[in-house]
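Engineer:
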Amino acid sequence: QWWSQWSHVCRGFIWVRWLSPTIQTHAGCRYVSKPATKTQVEFDYNGPSMKTTVPGPRSQELMKQLGDIQNVGAVNFFCNYEESRGNYLVDVDGNRMLDLYTQISSIPIGYNHPALVKLVTNPNNLSTFVNRPALGILPPENFPDKLTESLLSVAPSGMSRVQTMACGSCSNENAFKSIFIWYRNKERGHNTPSDEDLSTCMINQAPGCPDVSILSFMGSFHGRTMGCLATTHSKAIHKLDVPSFDWPIAPFPRLQYPLEEFSRENAQEESRCLEEVEDLIVKWRQKGKPVAGIVTEPIQAEGGDNHASPDFFRGLRNIARKHGCAFHVDEVQTGGGTTGKFWAHEHWGMDDPADIVSFSKKLLTGGYFQKDELQPYRIFNTWMGDPSKNLFLAEVLNVIRRENLLEEVTRSGKALLNGLYELQAQYPGILSRARGQGTFCAVDVCDDATRNSILFKAREKGVILGGCGDRTIRFRPALVFKEYHVHIFLNIFNDVLAQHK
Ligand SMILES: Cc1ncc(COP(=O)(O)O)c(C=O)c1O
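Numbering (UniProt numbering), first residue to last: 1 to 501.
1. Going by the DSSP bridge assignment, what does serine 49 pair with across the sheet?
2. Which two residues bound the contiguous alpha helix (DSSP H) that contains phenylalanine 380?
3. Could you pull out every residue in the same chain whose Cβ sits closer than 7 Å to the Cβ of lysine 51, ignoring the five residues on either side in sequence?
4. Determine whether the beta carbon atoms of isoleucine 104 and alanine 478 lie at a separation below 8 Å.
5. Would you mind stating whether glutamate 276 and proline 251 have Cβ atoms separated by less than 8 Å?
6. Would the C-beta of glycine 466 count as close to ligand 1, meaning under 7 Å from any of its heavy atoms?
7. Given the structure, does phenylalanine 176 come close to ligand 1, in the sense that its CB is under 7 Å from one of the ligand's heavy atoms?
8. When DSSP labels each residue in this structure, what does alanine 449 get in the three-state scheme?
9. Kindly give me the distance between the Cβ atoms of asparagine 172 and histidine 222, rounded to whole angstroms, as I take these residues to be in contact under 8 Å.
10. Beta-carbon of valine 212 versus every beta-carbon of chain B: anything under 8 Å?
11. Taking 7 Å as the cut-off, is the beta-carbon of glycine 223 closer than that to any non-hydrogen atom of ligand 1?
12. Starting from the C-beta of histidine 485, find all residues in its chain whose C-beta is less than 6 Å away, skip the five residues before and the five after it, and write them out in chain order.
13. Within the region 250-314, note down every full alpha helix (DSSP H) run reaching 4 residues or more, in order along the chain.
14. Can you check whether the CB of valine 90 is closer than 8 Å to the CB of asparagine 80?
15. From alanine 449 to threonine 472, what does the alpha carbon distance come to, in whole angstroms?
16. In terms of alpha-carbon separation, which member of Cys446, Arg224, Phe440, Ala155 lies closest to glycine 466?
17. At a cut-off of 7 Å, is aspartate 386 close to ligand 1 when judged by its beta-carbon and the heavy atoms of the ligand?
18. When you compare only the Cα positions, how much space is there between glycine 419 and cysteine 167?
19. Looking only at C-alpha atoms, which of His500, Gly337, Pro290 sits nearest to glutamine 426?
20. Quick one: residues in its chain with C-beta nearer than 6 Å to the C-beta of glutamine 40, no 5 flanking neighbours on either side, listed in chain order?
21. How would you write the range of the beta strand (DSSP E) that glycine 466 sits in, first residue to last?
22. Would you report the Cα separation of arginine 378 and arginine 285, rounded to the nearest angstrom?
23. Alpha carbon to alpha carbon, how far is glycine 56 from alanine 134?
24. Would you list the one or two residues that DSSP bridges to cysteine 441?
25. Using a 10 Å radius around the Cβ and a threshold of 16 neighbouring Cβ atoms, would you call arginine 401 buried or exposed?
26. Between the alpha carbons of glutamine 268 and glycine 315, how many angstroms are there, rounded?
27. Output the boundary residues of the beta strand (DSSP E) element that contains glutamine 163.
28. Whose C-beta lies closer than 6 Å to the C-beta of glutamate 278 among residues of the same chain, with five residues either side of it excluded?
29. For the candidate residues Phe77, Glu408, Val54, whose alpha-carbon lies nearest to that of glycine 62?
30. Run the proximity test for aspartate 330: is its beta-carbon closer than 7 Å to any non-hydrogen atom belonging to ligand 1?
31. Please name the residue or residues paired with valine 463 in a DSSP beta bridge.
32. If I measure Cβ to Cβ from isoleucine 492 and keep anything under 6 Å in the same chain, skipping five residues before and after, which residues do I get?
33. With DSSP run on the structure shown, which of helix, strand or coil describes arginine 224?
34. Should glutamine 103 be listed as close to ligand 1, given that the test is whether its C-beta is under 7 Å from any heavy atom?
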C-alpha cells in the first residue's frame, strides 16, 4: 500500500514543463508586470487553476466530518497532497493554488520535491522511516554522521553543538531551560546543586526553582507552551487565561520603511529601545528576578513582520554580554534560507552572533544550536527529534546548494519587493510599508477587514497568502519560488487590489 501510494506521487509528476504565457493576459490586469520568462521547471505546474470557491463542497463535507472529532475553527480547506507539487497546493475540490504561505512558512523546497520522494523510496532508508527511536538513549548507528551532514553543515558561527527537538515551541522551551541551568551553574560556581536546591525544587520554591527571567520584546512570538508563552506578545488570544511569569518585556523598534529613507529616525528609535532593554535588566535585577537570557527574532514574524537593523542586533548582543545574559536568537521562522542567507542573523555580519539559535519549520526538524558553555544538561524527552527529518534535511541542503537557491531567493525577493513598492504607489489608500529581506516580505493594508478580504479574494483567484500582526500580509513562499512565480503573483494581486479600490 505504502509503495503504491508513493509510486502514484511519482507518476503524478510532469518532469519538464514549459510555463504557459497565457498568464500574462490575465483578465482585468492593470499591473504592468514583466512577462514571466518562459522557463524550464522540473516539477511545477504552469499556473493556478480554480474550479470552485474555496472551501469547495468536498472540503466543506470533510470539515463537518472532522468537526465532530476536533475543533476545525482554523481549518481553511482540505488538501490533496498527492497532486500538489512545487509551488502549487491542490485542494480536495481540484483547485490548484500558487502557495506563498507554504504551511505557515515550513515547506523548504516545494511540494513533493523529486529529491525527497527518491529518498523515501530508497530501500536503504526504510528502517529510518519505520522505526522512530528514543534518540536520547538509543540512537541509530548513522545518527552522528547524519547530524554532521545535515544540521552541523549549517551551524551558525561559533557553534558546534546541536540538540534536535520536535517543534518550534519545544525547541525554545528547552533552550530557555538550558539558559536557566547555565545561569544557575554560573551563579553557584559549579554544577552541583545543594540539598536545599534539591528539596525546594520539588515544591516549586526558590532556591531550587529560582526567580530568574528571560527578557523578550513586545510583538514577539516564540511559541505557545507555558514558558514560551511568557515571551510571546503578538496577540492577546494566544495568552488569555493562561498563568504566566513576571518577566521583562522591552519595546521592539517600530521602524519606518523603506529603511534606507529613514535611517536617522530609525536609528533614534532603535537606540530608545536598546536603552529600555538595559533599564529593564537593571530593574529586574533589583526586583530579585535577574535576566538570565534575552530572546529575539531577527524579524518579528507573527507580530507583523517588524524589522530592525544589524546595528540594533549588534547593540543587543553587546548588552547581553555586558550583563551576563545569554543571547538567544529564535530563527524558527527566519531560518532556512528565506531571507537570502541561510540564517537571518548572518545579515548582522557578526562572528559571535548568539549563544543559542533555535530553529524548526523549513529545517523540518526542531532544535537549537548552542555554545559549548551552554551544554544542555538535563534536557531530555522521549524522541528528542526524529532521524527521518535529518535525512530529509540533508537532502534539502543538497538541493539548496546544487540549485543555488539562496541566490534565487535573493533574486525573486528583489522582484517581489519591487512589485510591492509599485503596487503600494498605485494603491496608496490600501497598501503601505512594503518591506522584506529575500522573499521574507510583507505589506500593510489600511485595515484588518480589507486585509482579510484581500486574503480571501486572492485565494479565490488561486493565490494563498498569510496574515500577521493587526493588518499585515506576509509572503512566505518556498525557496523554489522563482522570478516568474513573482510575476504570476503580482498580476493576480493587482486584480484583487483593483477590486478594492
Ligand atoms: C519565531 C517563532 N518561534 C516559535 C514558533 C513556534 O513554533 P511551533 O509552532 O512549531 O511550536 C513560531 C511559530 O510560528 C515562530 O514563528
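Note that CB positions come from ideal geometry on N, CA and C, so glycine has one too.
Structural biologist: Per the coordinate set shown:
1. Here residue 49 refers to the residue found at position 49 of the sequence shown. The partner list for serine 49 (beta bridge, DSSP) reads Arg96.
2. The sequence position of residue 380 within the sequence shown is 380, counting from 1. No alpha helix (DSSP H) holds phenylalanine 380; DSSP gives it neither H nor E.
3. Walking along the sequence shown from the start, residue 51 turns up at place 51. Taken in chain order, the residues that qualify are Asp93, Gly94, Asn95.
4. By 1-based counting over the sequence shown, the position of residue 104 is 104. By 1-based counting over the sequence shown, the position of residue 478 is 478. No. Outside cutoff.
5. Counting from one through the sequence shown, the residue named residue 276 turns up at place 276. Counting from one through the sequence shown, the residue named residue 251 turns up at place 251. Going by C-beta atoms, glutamate 276 is nearer than 8 Å to proline 251.
6. Within the sequence shown, residue 466 is the residue found at index 466, counting from 1. Checking every heavy atom of ligand 1 against the Cβ of glycine 466, none is found closer than 7 Å.
7. Here residue 176 corresponds to residue number 176 of the sequence shown, with the count starting at 1. No - ligand 1 has no heavy atom lying nearer than 7 Å to the Cβ of phenylalanine 176.
8. Here residue 449 refers to the residue found at position 449 of the sequence shown. Helix.
9. Within the sequence shown, numbered from 1, the residue matching residue 172 stands at position 172. Within the sequence shown, numbered from 1, the residue matching residue 222 stands at position 222. The pair is a contact, with the Cβ atoms about 5 Å apart (cut-off 8 Å).
10. Absent from the structure is chain B; it holds one protein chain and no more.
11. As a first step, residue 223 must be located in the sequence shown, where it is residue number 223. Glycine 223: yes, Cβ under 7 Å from ligand 1.
12. Looking up residue 485 in the sequence shown gives position 485. Asn87.
13. 263-286
14. Residue numbering aside, residue 80 sits at position 80 when the sequence shown is read from its first letter. Residue numbering aside, residue 90 sits at position 90 when the sequence shown is read from its first letter. Cβ distance < 8 Å, so asparagine 80 and valine 90 count as in contact.
15. Here the question's residue 449 lines up with position 449 in the sequence shown. Here the question's residue 472 lines up with position 472 in the sequence shown. Cα to Cα, alanine 449 sits roughly 11 Å from threonine 472.
16. Taking the first residue of the sequence shown as 1, we reach residue 466 at position 466. Among Cys446, Arg224, Phe440, Ala155, the Cα nearest to that of glycine 466 belongs to Phe440.
17. Counted from its first residue, the sequence shown places residue 386 at position 386. Result no, Cβ not under 7 Å from ligand 1.
18. To locate residue 419, count along the sequence shown from 1; it is residue 419. To locate residue 167, count along the sequence shown from 1; it is residue 167. Each residue's alpha carbon lies about 34 Å from the other.
19. Taking the first residue of the sequence shown as 1, we reach residue 426 at position 426. Taking only the C-alpha atoms, the option nearest glutamine 426 is His500.
20. Taking the sequence shown and counting its residues from 1, the one referred to as residue 40 is at position 40. Because the pLDDT of glutamine 40 is 42, which lies under 50, any placement of that residue in the model is unreliable, and the number read from its coordinates should be weighed accordingly. Same-chain partners within the cutoff: there are none.
21. The residue given as residue 466 occupies position 466 in the sequence shown. From DSSP, the beta strand (DSSP E) with glycine 466 extends over 466-468.
22. Start at 1 with the first residue of the sequence shown, and residue 378 comes out as number 378. Start at 1 with the first residue of the sequence shown, and residue 285 comes out as number 285. About 26 Å.
23. Taking the sequence shown and counting its residues from 1, the one referred to as residue 56 is at position 56. Taking the sequence shown and counting its residues from 1, the one referred to as residue 134 is at position 134. If I take the Cα positions, the gap works out to 41 Å.
24. Position 441 of the sequence shown, counted from the start, is the residue given in the question as residue 441. Gly436, Phe475.
25. Numbered from its first residue, the sequence shown carries residue 401 at position 401. Burial call: exposed.
26. Your numbering for residue 268 matches position 268 in the sequence shown. Your numbering for residue 315 matches position 315 in the sequence shown. Near 13 Å, if we compare the C-alpha coordinates of glycine 315 and glutamine 268.
27. Within the sequence shown, the letter at position 163 stands for residue 163. Run containing glutamine 163: 161-165, per the beta strand (DSSP E) assignment.
28. Position 278 of the sequence shown, counted from the start, is the residue given in the question as residue 278. So the qualifying residues of the chain are Ile319.
29. Taking the first residue of the sequence shown as 1, we reach residue 62 at position 62. The question names glycine, yet the displayed sequence has leucine at residue 62. It is Phe77.
30. The residue given as residue 330 occupies position 330 in the sequence shown. The answer is yes for aspartate 330.
31. As a position in the sequence shown, residue 463 is number 463, starting the count at 1. Beta-bridge pairing links valine 463 to Leu98.
32. Position 492 of the sequence shown, counting from 1, holds the residue named residue 492. Around isoleucine 492: Lys461, Val463.
33. Here residue 224 is taken as the residue at index 224 of the sequence shown, counted from 1. In this structure, arginine 224 counts as coil in the three-state DSSP scheme.
34. The residue given as residue 103 occupies position 103 in the sequence shown. No; taking the cut-off as 7 Å, the Cβ of glutamine 103 has no heavy atom of ligand 1 nearer than that.
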